[in-house]
Structures are given as C-alpha cells and as structure tokens.
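Peer 1:
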Amino acid sequence: MYRHILIATDGSEVAQNGVDHGLQLAHSLGARVTLLTVTEPYPAYIGGEFGALPAEAFLASYDKDQTDIATALLASARKTADTYGVAVETLHVPETPAAEAIVQTAQDRGCDLIVMGSHGRRGIGRLVLGSKTWEVATHSPIPVLVVRHASPKSAG
0 MYRHILIATD GSEVAQNGVD HGLQLAHSLG ARVTLLTVTE PYPAYIGGEF
50 GALPAEAFLA SYDKDQTDIA TALLASARKT ADTYGVAVET LHVPETPAAE
100 AIVQTAQDRG CDLIVMGSHG RRGIGRLVLG SKTWEVATHS PIPVLVVRHA
150 SPKSAG
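Those letters in the sequence shown? Residues 0 to 155, by numbering that gives the first Met the number 0.
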C-alpha cells in the first residue's frame with residue numbers, strides 16, 4: 000500500500016511516538032523511509048521603533064547550533080530505525096516553516112504517506128499553541144497519519 004513514508008520529527012516525546020509508529024508501519028509494509036527534521040527561521044521582530052534584527056554573528060551561531068541539534072536528532076532517529084530493521088534516509092531542512100517543509104519534501108521525494116505525532120489538543124488549546132501537524136494535515140495532497148500522544152490519566 001505505502002511504499003515511501005516520510006516521518007517528521009522535532010525530537011520531542013510526542014514526535015517520538017510518531018517515529019516509532021511510522022517505523023513499525025514501514026517495517027511491516029517493507030516501505031522506504033525518509034526521516035525529516037526542520038529548523039524554522041530565527042524569529043526576528045522587524046518593525047516599529049523598537050524592532051531589531053539579531054547581529055549576523057548571532058544568526059550564524061544560531062544556524063550552526065540548529066544544524067548540530069538536527070544532526071544529533073536524526074542520528075538518534077536512525078538508531079531507532081536500526082532497532083526496527085528499517086533503512087532510512089535522513090534529511091534536515093533549515094530555515095523553513097515546518098509544515099511547508101514537510102509537505103514540500105513529501106512531494107519532492109515521492110512519498111505516499113506522512114507520519115507525525117500530535118498532542119491531540121482541540122479547541123482553544125490547539126489555537127493558542129498552534130499545531131504543525133494540523134497545518135500539514137490540512138495542506139498535504141497525500142495522506143497524513145497522525146499518531147496521537149496518549150497523556151497519562153490522573154488518578155482519581
């Protein structure tokens with residue numbers, strides 16, 4: 000059914016649920032996998048009399064730090080893939096809005112499924128916190144499998 004799965008991760012516990020589920024699915028289907036992480040642009044405020052841009056040296060340091068974090072994150076995800084016996088290609092897309100990079104990469108790489116983790120928030124919680132998974136699901140021309148993070152139930 001699915002031959003090439005794109006699994007997006009930001010290294011969080013929620014994303015790891017998506018990675019694990021996507022790798023299990025890929026293993027059972029014999030599908031290829033691209034593991035993707037995205038580094039969004041540095042959030043600079045421009046405008047108004049107090050608007051400022053970070054110094055060029057700071058931005059270069061930020062970019063290097065983000066690349067180092069992405070490299071480590073993808074190396075860890077590759078180790079997880081090895082435990083499932085799934086060969087993966089890893090990819091870091093820098094300085095791009097996450098949802099845009101995920102959808103575009105899936106299209107460019109010929110993926111037929113995107114797998115992502117989600118908190119599963121609804122209503123105001125989703126609106127206030129935003130949701131990259133929601134953005135991908137609403138803009139992707141290919142199926143998106145959302146792996147909902149199960150939060151622990153409170154004892155009561």
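Positions of the beta carbon are idealized from the N, C-alpha and C atoms, including for glycine.
Values in this document were obtained by computation on a predicted structure and should not be read as measured data.
Helix, strand or coil for A86? Go by DSSP, reduced to three states.
Peer 2: DSSP places A86 in coil when its eight states are reduced to three.
Peer 1: Can you tell me the Cα-Cα spacing of T104 and S139, whole angstroms?
Peer 2: 11 Å
Peer 1: Go ahead and label S130 buried or exposed: buried means 16 or more other beta carbons lie within 10 angstroms of its beta carbon, across all protein chains shown.
Peer 2: buried
Peer 1: According to the Cβ coordinates, are D111 and H20 closer than 9 Å?
Peer 2: no
Peer 1: Enumerate in chain order the residues of its own chain whose CB-to-CB distance from T137 is below 7 Å, with the five nearest sequence positions on each side excluded.
Peer 2: none
Peer 1: Can you name the residues that DSSP bridges to G116?
Peer 2: V146
Peer 1: Going by the beta-carbon positions, is the gap between I101 and V37 smaller than 9 Å?
Peer 2: yes
Peer 1: Counting along the chain, where does the alpha helix (DSSP H) carrying A97 start and finish?
Peer 2: Residues 97 to 107.
Peer 1: Comparing alpha-carbon positions, which option in E94, A76, K78, S75 lies nearest Q65?
Peer 2: E94
Peer 1: So L156 and T8 are in contact, right, with Cβ under 8 Å, and what is the actual spacing, rounded?
Peer 2: The requested residue 156 does not occur in the structure, where the chain is confined to residues 0 to 155.
Peer 1: Would you decide whether A98 is buried or exposed? Buried here means 16 or more other CB atoms lie within 10 Å of its CB.
Peer 2: Buried: at least 16 other Cβ atoms inside 10 Å.
Peer 1: Could you have a look at G141 and say whether DSSP puts it in helix, strand or coil?
Peer 2: In the sequence as displayed, the identity of residue 141 is Ile instead of Gly. I141 falls in the coil class under three-state DSSP.
Peer 1: What do you get for T132, buried or exposed, if any count of 16 or more other CB atoms within 10 angstroms of its CB means buried?
Peer 2: Of the other Cβ atoms in all chains shown, 16 or more fall within 10 Å of the Cβ of T132; this residue is therefore buried.
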